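Asker: To start, I am sharing the structure in question, which I have written as structure tokens.
Residue numbers (UniProt numbering): 1 to 262.
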């Protein structure tokens, strides 16, 4: 038989080798032998002290010590010798403790960042909720202004010239009319992207510089301005929900200007 045929047979035998045979071969591989020096040291450390060869132990036994008992008159001391921990690495003394300290510091830093992020998220949610509440109060105060200034509030809502309206509720009327106009356009199915863009251009608040400046203020400042207007012009306290007879009556019976005063 030729050499090529022998090679084919050997390759076929290898390919048809069962998994069990491979496992058996793996079991035959010898594990690396333990370092004799390390084995000798471990055996010595794990071997109890021989009383016959230890002068120190013999001296302790003469003083009343019994093997397996704790040290001390009250027997509160340790019953086993101090465990020897061999250091085989090349790191300096204290390296492990320093690495542990760094890991602990890193974990504390991560935990601190997590708590700060959680606190910032809660604060952001609170601020958004407070701002929405103030915006609702602004609209309520604006409606109150309209009802006090007009015997028939529809006159304000139906006016053709928004610039003639009071600055404090001019934006409120503008938004209502714009909302109503867009709603009618949508119902008529005439509202396209081009018309939306045109609507935004037509209702740009910057067209009214005075209104734009007022609405650029913080919502809390806008609300304070409207409430001061109600108190000065109509002797009305927004928080009391009372219209007083005059300034003296308001000063005597109203707890204060701010909400927390009530």
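For each residue, glycine too, the CB sits at the ideal point set by N, CA and C. All figures in this text were calculated on a predicted structure; none of them were measured in a lab.
Return the CA-CA distance between residue 230 and residue 119, expressed in angstroms with no decimal places.
Answerer: Near 38 Å, if we compare the C-alpha coordinates of residue 119 and residue 230.
Asker: Have a look at residue 257 and residue 101 and give me their C-alpha separation to the nearest angstrom.
Answerer: Cα to Cα, the separation comes out at about 55 Å.
Asker: Quick check: what's the CA-CA separation for residue 259 versus residue 138?
Answerer: Cα to Cα, residue 259 sits roughly 13 Å from residue 138.
Asker: Please report how far the alpha carbon of residue 207 lies from the alpha carbon of residue 115, in whole angstroms.
Answerer: About 46 Å.
Asker: Do you know how far the Cα of residue 213 is from the Cα of residue 233?
Answerer: About 22 Å.
Asker: Do you know how far the Cα of residue 110 is from the Cα of residue 239?
Answerer: Answer to the nearest angstrom: the Cα atoms are 45 Å apart.
Asker: Considering only the alpha carbon of each residue, which of 165, 132, 129 lies closest to residue 263?
Answerer: In the structure as shown, the chain begins at 1 and stops at 262. Residue 263 is therefore absent and cannot be evaluated.
Asker: Once DSSP output is grouped into helix, strand and coil, what is the label at residue 109?
Answerer: Helix.
Asker: To which residues of the same chain is residue 152 closer than 7 Å at the C-beta, ignoring the five residues directly before and after it?
Answerer: None.
Asker: Have a look at residue 173 and residue 221 and give me their C-alpha separation to the nearest angstrom.
Answerer: Answer to the nearest angstrom: the Cα atoms are 19 Å apart.
Asker: Considering only the beta carbon of each residue, do residue 77 and residue 70 sit closer than 8 Å?
Answerer: Yes. Within cutoff.
Asker: Just to confirm before moving on: does the CB-CB distance between residue 219 and residue 168 stay below 8 Å?
Answerer: No, they are not a contact pair.
Asker: Counting only runs of 4+ residues fully inside the stretch 140-172, write out the alpha helix (DSSP H) ranges in chain order.
Answerer: Qualifying alpha helix (DSSP H) stretches, in chain order: 154-157.
Asker: DSSP state of residue 254, grouped into three classes?
Answerer: Of the three classes helix, strand and coil, the one that applies to residue 254 here is coil, per DSSP.
Asker: Could you give the DSSP three-state label for residue 47: helix, strand or coil?
Answerer: If DSSP states are grouped into helix, strand and coil, residue 47 belongs with coil.
Asker: Might you give, ordered along the chain, the residues of its own chain that have their beta carbon closer than 6 Å to the beta carbon of residue 242, omitting 5 neighbours on each side?
Answerer: Taken in chain order, the list of residues that qualify is empty.
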